[in-house]
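Peer 1: Take this structure, written in structure tokens, and hold onto it; I'll ask about it next.
2 protein chains.
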Amino acid sequence: MKDVRTHVGEVLALFREHGELSRTDVIEISGLSRSTVNQRLASLHSAGLIEEIGGGESTGGRPSSRFALNRRRAVLLTADIGATGFVAAVCDLGGTPLRHVSELVDVWDGPHRVLGAVGAALTELLGDEEVWGIGIGVPGPVEFAAGRVVNPPIMTGWDRFDIVGWFADYGVPVVVENDANSRAVAEARPHRHDNLISLKLGTGIGSGLVFNGQIIRGSEGAAGDIGHTRAAVPDAANPLPCRCGNVGCVEAYAGGWALIRDLEAAGVHVDNVAEVVSLVKLGNIEAVRLVRQAGRVLGDAVADLVSILNPEMIVVSGQLADCDEVLLSGVRERVYQRSQPLATRNLAIRVSQLGEFAGVTGLALITADQLFSTDRIDELFESLGEPPVSAVQ
Amino acid sequence: MKDVRTHVGEVLALFREHGELSRTDVIEISGLSRSTVNQRLASLHSAGLIEEIGGGESTGGRPSSRFALNRRRAVLLTADIGATGFVAAVCDLGGTPLRHVSELVDVWDGPHRVLGAVGAALTELLGDEEVWGIGIGVPGPVEFAAGRVVNPPIMTGWDRFDIVGWFADYGVPVVVENDANSRAVAEARPHRHDNLISLKLGTGIGSGLVFNGQIIRGSEGAAGDIGHTRAAVPDAANPLPCRCGNVGCVEAYAGGWALIRDLEAAGVHVDNVAEVVSLVKLGNIEAVRLVRQAGRVLGDAVADLVSILNPEMIVVSGQLADCDEVLLSGVRERVYQRSQPLATRNLAIRVSQLGEFAGVTGLALITADQLFSTDRIDELFESLGEPPVSAVQ
DNA sequence: CAACTTTTGTGTTGCAATAAATCAAAAGTG
DNA sequence: CACTTTTGATTTATTGCAACACAAAAGTTG
């Protein structure tokens with residue numbers, strides 16, 4: 001047998017997509033011959049990229065041994081940086097967070113301070129595992145290919161900062177992605193949703209779009225900005241001012257900061273979005289009324305989004321998502337009222353189950369995508385230092 | 001030399017993408033060896049898929065011979081069916097319409113009548129060229145994989161009709177695509193725009209979305225329906241009724257039928273959208289006022305679209321596009337006023353230069369995509385009946 | 001429980017596609 | 001007109017893949 005390292009990537013991709021597979025499964029799915037499949041599996045196995053799973057059921061003959069991606073072969077370091085804090089996590093190669101930590105730090109403190117804290121947290125979290133990739137999520141537009149933030153509206157001091165370079169010491173691929181986009185991937189991929197919108201409702205309102213199974217980033221990485229589209233409100237003649245400088249944005253009516261503003265105006269003191277959610281859960285009449293109203297404004301915006309993009313699912317995450325049906329009922333009401341029947345027929349609108357892990361999970365998946373891409377898989381194989389399977393026995 | 005038919009597709013794809021290439025160009029772009037490139041080029045050449053172009057400039061040594069896709073090797077039959085008529089065209093393999101004809105026929109007459117007329121027109125247009133593919137554009141949601149219309153709002157009698165089967169006699173691949181989508185491809189592909197929105201302004205308002213270089217069809221093929229999103233109008237308390245049954249849609253304010261309605265109400269008699277455009281060109285004050293107003297309503301909707309999708313270009317086509325700046329100025333005004341600076345920085349908004357050919361050009365491109373896809377290229381090669389290049393000389 | 005069937009796992013051989021190397025041809029250059 | 005440069009054609013070697021054969025590990029059956 002000669003050196004068989006080429007094209008192992010496509011077989012590895014099958015395991016990433018399908019999970020557990022027997023040799024025969026791989027043969028059927030890939031269309032490759034038994035010899036070739038065995039060679040490649042041997043190659044992947046000796047590199048530790050796949051592992052044998054017990055419990056092969058017999059279907060009348062010899063039971064098959066089943067293989068799966070060896071998720072513990074190495075780890076991916078991820079950090080989902082938000083406006084006021086970050087979640088850092090060590091994830092396995094399948095995207096599952098193994099250990100994590102949350103910290104409070106303002107993005108306005110600039111990249112040195114924030115990335116310093118992120119780096120320290122990741123070092124703290126990391127055990128003796130090999131690190132194969134790093135994924136950083138940021139709350140701003142990203143030039144994905146270059147791995148940096150460009151013209152961010154809120155991330156002062158981050159413009160074109162070399163985030164990839166900051167983690168160069170690890171000597172592994174570093175990907176930088178918008179936080180809403182990474183959430184969207186985390187929601188879409190495991191359930192094989194090819195057309196999905198992820199809404200993040202926190203202090204502000206953002207969204208991540210996955211269509212045709214890919215992230216829609218737009219031409220400048222600025223796509224998904226639903227928060228600053230026009231709100232549909234009866235009093236359109238006197239639109240409320242938004243923090244973006246414009247007036248009448250959805251965020252100015254349904255964003256977390258707008259709810260705080262309105263509660264204060266109604267004489268209810270709240271310091272942050274979490275307290276708004278608490279009040280709603282306690283049944284505070286004013287808070288519930290405002291959140292319901294916000295749901296309807298948001299619903300009108302989402303209805304347009306549904307008409308334009310025709311997603312199969314809308315997943316809501318962020319702090320306000322904890323309001324559950326108080327918020328969602330208004331969204332559903334408007335969406336099913338306004339969007340075309342065809343677009344809503346198979347549409348599901350629900351709250352994310354991933355919680356604070358959504359960001360880091362998505363980042364791990366995106367990082368793994370890069371790591372195991374056909375372009376880079378050979379490079380990875382090389383760096384494993386495994387002697388290639390050789391002709392000499 | 002042995003049979004070399006496999007993987008010619010990837011080399012052919014290079015010619016489709018880059019146009020004219022020398023052997024050395026192909027070697028550099030593909031990373032293949034000289035022998036392999038020569039084999040594949042010989043294979044493609046003998047099948048007539050590429051042709052030699054004269055005029056190889058010398059750069060100090062022997063001048064290179066240049067090759068390009070042989071666009072005249074066969075033709076693609078295309079028909080862009082609109083609500084009240086169709087454009088049928090014979091296109092070359094590069095997507096250029098060679099001969100065409102327009103006919104008036106209502107889609108409401110049903111598929112048998114319309115496709116009958118389309119088929120007759122195509123037969124009339126076809127010379128002695130080989131036909132390699134057929135592309136049909138329709139004004140409704142399409143289940144692309146199945147090649148049929150599903151749950152169309154306006155195409156009565158077309159639901160799930162087997163359009164592919166209608167053209168089965170030709171024995172070639174048939175693709176069915178939404179008309180706005182095919183236009184978008186025609187605008188995007190030749191200029192290598194990966195993130196583009198095509199707006200079609202006729203009696204109604206539709207749009208085609210190309211992002212990441214792919215058509216966004218949505219989960220039911222219903223994406224792009226910007227005409228029935230909410231209009232931003234001061235008098236939001238009394239929204240105008242739309243023909244879709246809802247109220248306050250963009251189309252109810254800026255659609256061709258709405259302009260006719262408003263002109264009639266103002267005492268100006270018009271029969272169709274073409275007459276509205278004529279009045280605008282003649283400088284009719286009322287018509288110009290209404291079209292300007294429509295531009296602003298449309299602009300507000302487009303501004304939201306820009307915030308959400310961050311395209312690099314918006315191309316306007318359809319009958320109303322002939323109003324040029326009278327319409328576009330309002331669109332630009334609102335877009336640059338409302339959308340985030342980052343999203344508008346490199347945004348171009350312009351009128352399509354393709355005119356009535358946009359639909360059929362896009363259809364030809366999409367059909368060629370299918371025809372030359374890696375899945376189907378071998379099949380095509382087989383059917384050419386060309387004896388494969390053999391070892392015997 | 002032993003013979004048979006079925007399916008999986010392993011090793012060998014041959015083939016076909018690609019790459020490397022060599023040589024010939026067609027230009028420009030001084 | 002020799003020399004250089006680049007392209008084009010041909011031969012040879014390599015390597016990845018598939019087909020085949022056989023061994024192993026189960027279930028099945030009399």
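From first to last, the protein sequence lines are chains Z and E. Numbering-wise (the working numbering), the first sequence opens with residue 1 and increments by one. Numbering-wise (the working numbering), the second sequence opens with residue 1 and increments by one. All C-beta atoms, glycine included, are put in the ideal place defined by N, C-alpha and C.
1. Does the beta-carbon distance from Val-131 of chain Z to Val-87 of chain Z come in below 9 Å?
2. Any C-beta of chain E sitting closer than 9 Å to the C-beta of Ile-377 of chain Z?
3. Per DSSP, what kind of secondary structure is Val-142 of chain E in: helix, strand or coil?
4. From this set, E:Ser-219, E:Ser-198, E:Asp-369, E:Ile-366, which residue's C-alpha is nearest Val-302 of chain E's C-alpha?
5. Assuming Val-138 of chain Z contacts Val-150 of chain Z under a Cβ cut-off of 8 Å, what Cβ separation, rounded to an integer in Å, is found between them?
6. How would you write the range of the beta strand (DSSP E) that Phe-67 of chain Z sits in, first residue to last?
7. Buried or exposed for Asp-375 of chain Z, please, with buried defined as at least 16 other CB atoms from any protein chain shown within 10 angstroms of its CB.
8. Please name the residues in the segment 212-231 of chain Z whose beta-carbon is closer than 9 Å to at least one beta-carbon of chain E, in chain order.
9. Please give me, in chain order, every unbroken run of the alpha helix (DSSP H) with length at least 4 that falls completely inside the segment 275-338 of chain E.
10. Pro-241 of chain Z bridges to which residues according to DSSP?
11. Pop quiz: Val-107 of chain Z and Arg-99 of chain Z are said to be a contact at Cβ under 8 Å. What is the actual Cβ separation, rounded to whole angstroms?
12. Is Pro-190 of chain Z a contact residue of the ligand PLP, with contact defined as CB to any heavy atom under 8 Å?
13. Only counting the same chain, and skipping five residues up and downstream in sequence, which positions put a Cβ closer than 6 Å to that of Ser-390 of chain Z?
14. On a CA-only basis, which of E:Asp-262, E:Ala-236, E:Val-360, E:Val-268 is nearest Thr-78 of chain E? Give me that one, please.
15. If you run the structure through DSSP and keep just helix, strand and coil, what is Asp-80 of chain E?
16. Counting only beta-carbon separations shorter than 9 Å, does Ile-314 of chain Z have a partner in chain E?
17. What residue from Z:Ala-348, Z:Trp-158, Z:Lys-200 has the CA that sits closest to Gln-319 of chain Z's CA?
18. Between which two residues does the alpha helix (DSSP H) harbouring Arg-183 of chain E extend?
19. Which same chain residues, not among the five before or five after Asp-162 of chain E, have their C-beta less than 7 Å away from its C-beta?
20. So Arg-99 of chain Z is in the beta strand (DSSP E); what residue range does that whole segment cover?
21. Starting from the C-beta of Leu-371 of chain E, find all residues in its chain whose C-beta is less than 7 Å away, skip the five residues before and the five after it, and write them out in chain order.
22. Using beta-carbon positions only, say whether Val-142 of chain E and Asn-178 of chain E come within less than 9 Å of one another.
23. Flag this pair as touching only if the segment 347-358 of chain Z and the segment 316-331 of chain Z have three or more C-beta atom pairs under 8 Å; answer yes or no.
24. For Pro-234 of chain Z, go through chain E and note every residue whose CB falls closer than 9 Å to its CB, in chain order.
25. Following the continuous beta strand (DSSP E) through Ala-357 of chain Z, name the residue where it begins and the one where it ends.
26. Could you check how far apart the C-beta atoms of Ile-366 of chain Z and Gly-135 of chain Z are, in whole angstroms? I think they sit under 8 Å.
27. Between Cys-244 of chain E and the rest of its own chain, which residues show a CB-CB distance below 6 Å, the 5 nearest in sequence each way excluded?
28. Could you have a look at Arg-350 of chain Z and say whether DSSP puts it in helix, strand or coil?
29. I want to verify the contact list: residues of chain E whose CB lies under 9 Å from the CB of Leu-201 of chain Z, in sequence order.
30. Hey, quick one: how far does the beta strand (DSSP E) through Ser-198 of chain E stretch, first residue to last?
31. Chain E beta carbons: is any one of them nearer than 9 Å to that of Ile-308 of chain Z?
32. Does the Cβ-Cβ distance between Arg-217 of chain Z and Phe-144 of chain Z come in under 9 Å?
33. Consult DSSP for Arg-72 of chain Z and reduce its assignment to one of helix, strand or coil.
34. What's the C-alpha gap between Met-1 of chain E and Thr-344 of chain E?
35. For Gln-340 of chain E, go through chain Z and note every residue whose CB falls closer than 8 Å to its CB, in chain order.
36. Applying a beta-carbon distance threshold of less than 7 Å, which residues of chain Z neighbour Asn-195 of chain E?
Peer 2: Looking at the coordinates:
1. no
2. no
3. strand
4. E:Ser-198
5. Going by Cβ atoms, the distance from Val-138 of chain Z to Val-150 of chain Z rounds to 11 Å, so no, they are not a contact pair.
6. 66-69
7. exposed
8. Asn-212, Gln-214, Ile-215, Ile-216, Arg-217, Gly-218, Ser-219, Glu-220, Gly-221, Ala-222, Ala-223, Gly-224, Asp-225, Ile-226, Gly-227, His-228, Thr-229, Arg-230
9. 285-309, 325-338
10. Z:Val-247
11. Going by Cβ atoms, the distance from Val-107 of chain Z to Arg-99 of chain Z rounds to 24 Å, so no, they are not a contact pair.
12. By its list of ligands, the structure shown contains no ligand whatsoever, and the ligand PLP lies outside what it can speak to.
13. Here the model assigns Ser-390 of chain Z a pLDDT of 35, short of 50, so the residue's position is not dependable and the matter cannot be decided.
14. E:Val-360
15. strand
16. no
17. Z:Lys-200
18. 179-188
19. Arg-148
20. 97-104
21. Trp-132, Gly-133, Pro-173, Leu-380
22. yes
23. yes
24. Ala-236, Ala-237
25. This sequence places Phe at residue 357 of chain Z; Ala is not what is there. Run containing Phe-357 of chain Z: none; DSSP gives neither H nor E here.
26. 6 Å
27. His-228
28. strand
29. None at all; the shortest Cβ gap to chain E is about 16 Å.
30. 196-201
31. yes
32. yes
33. helix
34. With a pLDDT of 30 at Met-1 of chain E, under the threshold of 50, the modelled position of this residue cannot be trusted; read the value that follows with caution. Their backbone Cα atoms lie some 55 Å apart in a straight line.
35. Pro-153, Ala-222, Asp-225, His-228, Cys-244
36. Gly-218, Ser-219
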